[in-house]
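Counted from 1, the sequence shown has number 353 at position 44 by this note's numbering; the numbering is strictly sequential. I have placed the structure first, in the form of C-alpha cells, so that the comments after it can refer back to it.
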Amino acid sequence: MAPPPPPLSRRATARSNAPLVGALLAFTGLMAAVPVLLHRRQMRLQEGVPMWASDKPLNATQVRRGAYLNTSSIDVGPDPDWDHGKGLYKGKLPAIMDESRRY
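As C-alpha cells, this is what we get:
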C-alpha cells in the first residue's frame, strides 16, 4: 500500500481574490466614466454647445427619434421665451387647467 500524499499547505490551495477584485474595480470605474466620456464627445461634436441649447432646426434623424423619446417635434421649433444664455424661462407662468371640464 502506497503512503498517502503529503497534505498541501493552506497557502498553496487558497487563491488570492486580489486579481478578481482589481478587475471588478476597473470595470466599475470604466462603466462610471462612460456617461462623462459620451458627454464630452457630444460637446466636441456640437462645437461646445449643449444639445438642448441649439436653435438649429432638427434633422430627419432627430425628428424620428423625437417621437419615441417625446422630446421634440419638427413643427414645434425653438421656444422664443427660453433664454439659452441664462438658462431661464422668461415667458408667462402656465395656467392651471381645470380637469373637471372637457376641452
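Backbone N, C-alpha and C define an ideal beta-carbon position, used for all residues, glycine too.
Three-state secondary structure assigned by DSSP to Leu402: Residue 402 sits at position 93 when you count from the first residue of the sequence shown. In the structure shown, Leu402 sits in coil (DSSP, three-state: anything other than H, G, I, E or B).
Since Asp392 and Lys399 should fall inside the 8 Å C-beta cutoff, what is the C-beta to C-beta distance between them, to a whole number of angstroms? Here residue 392 refers to the residue found at position 83 of the sequence shown. Here residue 399 refers to the residue found at position 90 of the sequence shown. At roughly 6 Å, the Cβ-Cβ gap stays under 8 Å, so Asp392 and Lys399 are in contact.
Between Thr370, Ala369, Leu347, which has its C-alpha nearest Pro359's C-alpha? Locating residue 359 in the sequence shown gives position 50, counting from the first residue. Among Thr370, Ala369, Leu347, the Cα nearest to that of Pro359 is on Leu347.
DSSP state of Leu367, grouped into three classes? Along the sequence shown, read from residue 1 onward, the residue named residue 367 stands at position 58. It is coil, neither helix nor strand.
Out of curiosity, what's the CA-to-CA distance linking Leu333 and Ala342? As a working note, residue 333 is residue 24 in the sequence shown. As a working note, residue 342 is residue 33 in the sequence shown. Roughly 14 Å between the two C-alpha positions.
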